[in-house]
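Have a look at the structure below, then the notes.
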Amino acid sequence: MKPSLNLLPENKFVYKNYIRKCVHKGHTELEFVNKPLKQNKFIQNVSSLFQAKDKTISIVSKDDFKHLSDSAKSCFSIKNGMTFGCADITYVNNNGKLEPLNITPELFYQFFPPHMPKTAKQGERLGDCWLVSTINGLMQKPNGRIAIYRKFGQDWSNMYVKLPDNDVFFPESKILESKKHYQLSGPKGLQMLEQAIALDKGGSFTKNFHQAADVLGFHNIMKFLDGGSQTSALWLINPKLKPKVVGLEKTNKQMSLIKKHANKDNYFLGIMTTKDQEEQEVLNKFGKSFLGELMPMHAFNIAGYDKVSNTVKIQDPMIPEDLICMPADELKKYPFTLTVCKL
């Protein structure tokens with residue numbers, strides 16, 4: 013469908029092969045199909061286009077952009093942390109600048125489908141809530157998504173995940189499938205990231221995931237994920253981050269930081285519940301119902317804060333589709349450590 017809007021004059025050639033790939037829940041993923049010879053010229057033009065205050069890159073002229081409705085703007089804008097493909101290169105809007113990723117659009121959108129929610133559900137038999145909660149928290153933030161997208165590289169038909177100490181390879185760009193109990197449910201890109209971190213955490217003899225699985229067994233590799241911290245997860249995804257942990261004895265400071273940073277796009281907040289009592293007392297306090305309450309010895313990410321109702325929105329990696337909305341005064345009753353990190 014040909015847009016009725018006008019691109020900047022030097023970009024009009026893109027109309028012929030323009031594709032609006034997908035618009036889903038306000039998040040825009042765009043793909044442009046152009047001849048390779050026109051690729052560099054097009055990217056240079058897009059780089060110089062209007063950048064809104066929220067670091068959105070517009071693919072239409074400034075005058076057109078001013079008169080668009082909010083829904084139309086989402087169709088012709090590349091929001092911060094969102095991606096688009098041009099020829100054989102995937103680009104991400106990195107705070108108003110176009111950054112190429114080392115993966116083709118065809119492969120990228122197989123691993124991160126535009127129509128699929130960018131969250132993960134923890135495998136029932138894995139103790140990697142520390143990792144999945146961190147991934148979910150990062151995927152909600154533009155800089156967090158960018159950090160995760162940067163982890164992936166493509167070498168011809170093969171994929172690899174770049175970790176601080178090693179690269180983990182996946183021949184033919186294939187992840188290994190298993191029962192949902194032993195791996196997260198979600199985009200294939202996040203499944204590949206989880207598998208790579210599991211192999212790296214286990215210190216395998218090889219960094220080829222398929223070879224390691226043939227020798228050690230898939231389930232045994234994934235069990236290396238049992239136990240960890242959100243700070244270590246953040247380090248694995250971006251070693252330059254400097255997270256801070258606020259102990260459970262500093263309740264007032266915890267709540268102050270949650271209220272201050274929970275709604276900011278450039279902050280990750282996560283909590284890890286603990287137990288400071290005997291096991292039976294913990295069960296009496298927390299109960300057996302997980303929905304609407306915080307399970308002890310578990311990790312969550314903070315998804316937001318409602319100032320009017322004084323309610324904290326919490327995402328459980330075991331039920332990410334249902335946010336836990338808990339009054340701040342009630343949250344203070346639970347013993348937990350708070351991880352705060354500027355992205």
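If you use this note's numbering, the sequence shown corresponds to residues 13 to 355, in order. Backbone N, C-alpha and C define an ideal beta-carbon position, used for all residues, glycine too. A quick note: this is a predicted structure, and the numbers were derived from the prediction, not measured.
Please report the distance separating the alpha-carbon of Pro154 from that of Asp177. One-based indexing of the sequence shown puts residue 154 at position 142. One-based indexing of the sequence shown puts residue 177 at position 165. Approximately 25 Å, taken between the alpha carbons.
Could you round the C-beta distance between Ile270 and Tyr317 to whole angstroms and report it? I think they count as a contact, below 8 Å. In the sequence shown, counting from the first residue as 1, residue 270 sits at position 258. In the sequence shown, counting from the first residue as 1, residue 317 sits at position 305. At roughly 6 Å, the Cβ-Cβ gap stays under 8 Å, so Ile270 and Tyr317 are in contact.
Assigned exposure category for Ser145 - 16 Cβ within 10 Å defines buried: The count along the sequence shown starts at 1 and reaches residue 145 at position 133. Taking all protein chains shown into account, Ser145 has 16 or more neighbouring C-beta atoms within 10 Å of its C-beta and is therefore buried.
Report yes if the C-beta distance between Leu188 and Lys133 is below 8 Å; otherwise report no. Walking along the sequence shown from the start, residue 188 turns up at place 176. Walking along the sequence shown from the start, residue 133 turns up at place 121. Cβ distance not < 8 Å, so Leu188 and Lys133 don't count as in contact.
I need the DSSP call for Pro125, collapsed to helix, strand or coil. Taking the sequence shown and counting its residues from 1, the one referred to as residue 125 is at position 113. In this structure, Pro125 counts as coil in the three-state DSSP scheme.
Taking the alpha-carbon positions, what's the Lys252 to Thr102 distance? Locating residue 252 in the sequence shown gives position 240, counting from the first residue. Locating residue 102 in the sequence shown gives position 90, counting from the first residue. Roughly 24 Å between the two C-alpha positions.
For Ala274, does the three-state DSSP call read helix, strand or coil? For the purposes of this step, residue 274 is taken as residue 262 along the sequence shown, with counting starting at 1. Correct three-state label for Ala274: coil.
Is DSSP giving Gln166 helix, strand or coil here? Translated into positions along the sequence shown, residue 166 becomes position 154. Of the three classes helix, strand and coil, the one that applies to Gln166 here is strand, per DSSP.
Alpha carbon to alpha carbon, how far is Ser216 from Leu110? Give it in angstroms, no decimals. Walking along the sequence shown from the start, residue 110 turns up at place 98. Walking along the sequence shown from the start, residue 216 turns up at place 204. The C-alpha of Leu110 lies about 36 Å from the C-alpha of Ser216.
How is the alpha helix (DSSP H) around Tyr431 delimited, first residue to last? The structure shown does not extend to residue 431, since the chain is modelled only from 13 to 355, so the question has no answer here.
Quick check on the DSSP output: the alpha helix (DSSP H) that includes Ala208 runs from which residue to which? Here residue 208 is taken as the residue at index 196 of the sequence shown, counted from 1. Note, Ala208: alpha helix (DSSP H), 200 to 214.
Assuming Leu248 and Glu206 are in contact, meaning their beta carbons sit under 8 Å apart, how far apart are those beta carbons, in whole angstroms? Here residue 248 corresponds to residue number 236 of the sequence shown, with the count starting at 1. Here residue 206 corresponds to residue number 194 of the sequence shown, with the count starting at 1. Contact flag wrong, Cβ pair sits at about 11 Å.
From the DSSP secondary-structure annotation, give me the bridge partner or partners of Gln327. In the sequence shown, the residue the question calls residue 327 occupies position 315. Beta-bridge pairing links Gln327 to Asn313.
Under a three-way DSSP split, which group does Leu20 fall into? Residue 20 sits at position 8 when you count from the first residue of the sequence shown. Note that Leu20 scores 37 on pLDDT, short of 50, meaning its location in the model is unreliable; the coordinates nonetheless yield the value given after this. Coil, per DSSP.
With a threshold of 16 other CB atoms inside 10 Å of the CB of Asp328, please say whether the residue is buried or exposed. In the sequence shown, the residue the question calls residue 328 occupies position 316. Looking at its Cβ environment, which holds 16 or more other Cβ atoms inside 10 Å, Asp328 is buried.
Taking 8 Å as the cut-off, decide whether the C-beta atoms of Ile322 and Pro339 are in contact. The count along the sequence shown starts at 1 and reaches residue 322 at position 310. The count along the sequence shown starts at 1 and reaches residue 339 at position 327. It is Asn, not Ile, that sits at residue 322 in the sequence shown. Yes; because the gap between Cβ atoms is below 8 Å, this pair is in contact.
Roughly how many angstroms separate the alpha carbons of Met307 and Glu333, rounded to a whole number? In the sequence shown, the residue the question calls residue 307 occupies position 295. In the sequence shown, the residue the question calls residue 333 occupies position 321. One Cα belongs to Met307, the other to Glu333, and the distance between them is close to 17 Å.
Spatially closest choice to Leu119 from Asn92, Met171, Asn105, by CA coordinates: Along the sequence shown, one-based indexing puts residue 119 at 107. If we check each option's Cα against that of Leu119, Met171 comes out closest.
In terms of alpha-carbon separation, which member of Lys163, Cys353, Gly198, Lys130 lies closest to Lys276? Stepping through the sequence shown from its first residue, residue 276 is reached at position 264. The residue with the shortest Cα to Cα distance from Lys276 is Cys353.
Since I believe Leu138 is in contact with Leu237 (beta carbons under 8 Å), could you give me their beta-carbon distance rounded to a whole number of angstroms? The sequence position of residue 237 within the sequence shown is 225, counting from 1. The sequence position of residue 138 within the sequence shown is 126, counting from 1. About 6 Å separates the two Cβ atoms, so the contact holds.
Euclidean distance between Cα positions of Phe123 and Pro199: As a first step, residue 123 must be located in the sequence shown, where it is residue number 111. As a first step, residue 199 must be located in the sequence shown, where it is residue number 187. Taking the straight line joining both Cα atoms gives about 6 Å.
Express the C-alpha separation of Asp140 and Lys319 in angstroms, rounding to a whole number. Taking the first residue of the sequence shown as 1, we reach residue 319 at position 307. Taking the first residue of the sequence shown as 1, we reach residue 140 at position 128. Between the C-alpha atoms of Lys319 and Asp140 there is a straight-line separation of about 31 Å.
Given Thr131, which residues of its chain have a CB within under 7 Å of its CB, disregarding the five upstream and five downstream residues? As a working mapping, residue 131 is identified with position 119 in the sequence shown. Correct list, in chain order: Asn148, Met151, Gly198, Pro332.
For Leu335, name the three-state secondary structure that DSSP assigns. What you label residue 335 is simply residue 323 of the sequence shown in a count that begins at 1. Assigned with DSSP and collapsed to three states, Leu335 falls in coil, not helix or strand.
What distance in whole Å lies between the Cβ atoms of His273 and Leu281, which are believed to be in contact at a cut-off of 8 Å? One-based indexing of the sequence shown puts residue 281 at position 269. One-based indexing of the sequence shown puts residue 273 at position 261. Correct: roughly 6 Å between the Cβ atoms.
Taking the alpha-carbon positions, what's the Asn105 to Gly93 distance? Locating residue 105 in the sequence shown gives position 93, where the first residue counts as 1. Locating residue 93 in the sequence shown gives position 81, where the first residue counts as 1. Asn105 and Gly93 have their C-alpha atoms roughly 5 Å apart.
Endpoints, beta strand (DSSP E) assigned at Ser230: Residue numbering aside, residue 230 sits at position 218 when the sequence shown is read from its first letter. The residue asked about is misnamed: residue 230 is Phe in this sequence, not Ser. Boundaries around Phe230 are those of the alpha helix (DSSP H), 230 to 234, since no beta strand (DSSP E) includes it.
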